[in-house]
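Written out below as structure tokens is the structure these notes cover.
Protein chains: 2
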Amino acid sequence: MSQREPLTRERIIETALHLIDGQGLGRLTMRRLGDSLEVEAMAIYHHLPHGKEQLLEQLIAHVAALPVPPGGGAPRDRLRAWAGAYRDRLLGHVGVMPLIVTRRNPGALLSTTVSVQELLRAAGLSEAEAAVGAHTLLSYLLGEVALEARERSAGTSPDDLDWDGRFLAGLDRVLAGIA
Amino acid sequence: MSQREPLTRERIIETALHLIDGQGLGRLTMRRLGDSLEVEAMAIYHHLPHGKEQLLEQLIAHVAALPVPPGGGAPRDRLRAWAGAYRDRLLGHVGVMPLIVTRRNPGALLSTTVSVQELLRAAGLSEAEAAVGAHTLLSYLLGEVALEARERSAGTSPDDLDWDGRFLAGLDRVLAGIA
DNA sequence: TGATCGCACCTTACTGTGTAAAGGGCGCGG
DNA sequence: CCGCGCCCTTTACACAGTAAGGTGCGATCA
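Chains A and B, in that order, are what the protein sequence lines are. Residue 160, in our numbering, is where the first sequence stops; the numbers in between run on with no holes. Residue 160, in our numbering, is where the second sequence stops; the numbers in between run on with no holes.
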């Protein structure tokens, strides 16, 4: 009895994410993660040979990869919708933001950027303009969420700023310059 | 002989910054910092009672506080000039970026934001518009530099992207939506 | 002058971290 | 029934931050 389900890379990552969401990035520890998985810490290395480095990389990929969904409509509207969804995703895992913004990660953010870039390209912009536009939008979005996450990670937030409104207002200003 | 100069908070912070710039944030250690200062690690606690936490806080304040300089000229030009200077400052200490973007810091970024906000206010924008504008510009700037820093912290950069050009192009698009 | 005191620094030691290395044990093919 | 290989555990190490208390030296004052 009490058959625990098998240890897999997916289960490790999801548990780690859950741990971060519940207790904060600072408390994500190999041993604690092991405890949550009902396994010794070293068992994790069997599925993630490069240890914590690899774990964090996977976490970034899991949270930060969210390309613009295909579909029709005005480019600006599609971008606005996507940006809102992306921000929600990121704010849903504020603890991972430091990793996303900080750690070099080949691919995770790239795929997202590329999808934005392609949308802009399809909307008629030149390759160069699309590249600048995508980079600008992603910079704003990540910067904004990072600032927001910073503030929210304080204790009970005494500042009841209208983050949503501020984000949307800024987003419109940025989009105006892009598409 | 070999009188070492007295240990002060300023000397500690500058040495720490130098250490980060030279070896990376990951190698900033109390003991290593002590070595650089020719002092035992615990001596630092006499000048920074809250230890590493306080040290990092001071580092952020030292690097991230750079208000818009007073002066005349078109608001947009002043903002463009300031943004370029701020980015240079941040890129001059890429190792500190993770701290700036990540750690809650009461004041350091705030004073900078406020100075931008006041410039916009003086340029004729309403309080609300100025707040949104300042927040948007700072979000873009920090996001852009964070992405840039991430990429540059890779080994010898094989990607010879024109970061400066991209930053300036994006900056103009953002400024167009603000002032 | 000599005793006293307190500042600035050092010594020691503890907890917690990531992870290398090697040891089980259990199921499965021969 | 044997041995092998996959997963996991055990053990151990170097290094992190820092609490607690000791130490020496210059300044102060009788």
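Beta carbons are placed, not taken as given, at the ideal position from N, Cα and C, and that holds for glycine. Small disclaimer: the values here were computed from a predicted structure and weren't measured.
Between the alpha carbons of residue 77 of chain B and residue 131 of chain A lies a gap of roughly 15 angstroms. Where residue -10 of chain B is concerned, the enclosing alpha helix (DSSP H) starts and stops at -10 to 4.
The continuous alpha helix (DSSP H) containing residue 43 of chain A extends over residues 32 to 45.
With a threshold of 16 other beta carbon atoms within 10 Å, residue 91 of chain A falls short and is exposed. Residue environment analysis places residue 79 of chain A among the buried positions, since at least 16 neighbouring C-beta atoms fall within 10 angstroms of its C-beta. For residue 75 of chain A, there is no enclosing alpha helix (DSSP H), as DSSP marks it with neither H nor E. When B:41, B:107, B:7, B:-5 are compared, the shortest CA-CA separation from residue 88 of chain B is found for B:41. Annotation: Cβ neighbours of residue 147 of chain A in chain B (cutoff 9 angstroms, chain order): 112, 113, 116, 117. For residue 18 of chain A, no alpha helix (DSSP H) segment is defined, and its DSSP state is neither H nor E. Sequence-ordered contacts of the stretch 70 to 83 of chain B with chain A read 79, 82, 83 [C-beta pairs closer than 7 angstroms].
The residues 155, 159, in chain order, have a CB closer than 7 angstroms to that of residue 117 of chain A in the same chain once the five nearest residues on each side in sequence are set aside.
Setting aside the 5 residues that flank it on each side, residue 28 of chain A is surrounded in the same chain by -12, -11, -10, -7, each with a C-beta closer than 8 angstroms to its C-beta; the list follows chain order.
Residue state for residue 9 of chain A is assigned as coil, using DSSP reduced to three classes. Separation of residue 106 of chain B and residue 86 of chain A (C-alpha to C-alpha, rounded to the nearest whole angstrom) is 39 angstroms.
With a cutoff of 8 angstroms on beta-carbon distance, residue 70 of chain B and residue 47 of chain B are scored as near each other. Counting only the Cα atoms, residue 0 of chain A lies some 17 angstroms from residue 24 of chain A. Identification of chain A residues near residue 159 of chain B by a Cβ-Cβ cut-off of 7 angstroms yields 154, ordered along the chain. Chain order gives the chain A residues near residue 131 of chain B as 82, 83, 84, 85, 86, 90, where near means a beta carbon separation below 9 angstroms. For residue 125 of chain A, the nearest CB of chain B lies under 8 angstroms from its own CB, placing it at the interface with that chain. For residue 115 of chain B, the enclosing alpha helix (DSSP H) stretches over residues 108 to 133. Under the DSSP assignment, residue 102 of chain B falls in the alpha helix (DSSP H) whose first and last residues are 89 to 103.
Using a Cβ-Cβ cut-off of 8 angstroms, residue 121 of chain A is close to 117, 120, 121, 124, 155 of chain B, given in chain order.
For residue 64 of chain B and residue 122 of chain B, the gap between their C-alpha atoms comes out near 7 angstroms. In this structure residue 101 of chain A is not in contact with residue 59 of chain A, their Cβ atoms being roughly 10 angstroms apart against a cut-off of 8 angstroms. Here residue 146 of chain A is exposed, its C-beta having fewer than 16 other C-beta atoms within 10 Å. Looking at B:45, B:14, B:-4, the one whose alpha-carbon comes closest to that of residue 127 of chain B is B:45. For residue 114 of chain B, the number of other beta carbons within 10 angstroms of its own is at least 16, and it is reported as buried. DSSP, read as helix, strand or coil, puts residue 147 of chain A in helix. Within chain A, the residues 113, 117 have their CB atoms less than 8 angstroms from the CB of residue 150 of chain B, given in chain order. Using beta-carbon distances, residue 134 of chain A counts as an interface residue toward chain B, with a partner under 8 angstroms. Not one beta carbon of chain B lies nearer than 8 angstroms to the beta carbon of residue -12 of chain A.
Taking C-beta atoms under 8 angstroms as the contact rule, residue 75 of chain B and residue 12 of chain B fail to qualify, at a distance of about 23 angstroms. Looking at the backbone, the Cα of residue -14 of chain A and that of residue 20 of chain A are separated by about 11 angstroms. Listed along chain B, no residue sits closer than 7 angstroms to residue 60 of chain A by beta-carbon distance, the nearest being about 13 angstroms off. Taken atom to atom, the span from the alpha-carbon of residue 14 of chain A to that of residue 124 of chain B is near 30 angstroms.
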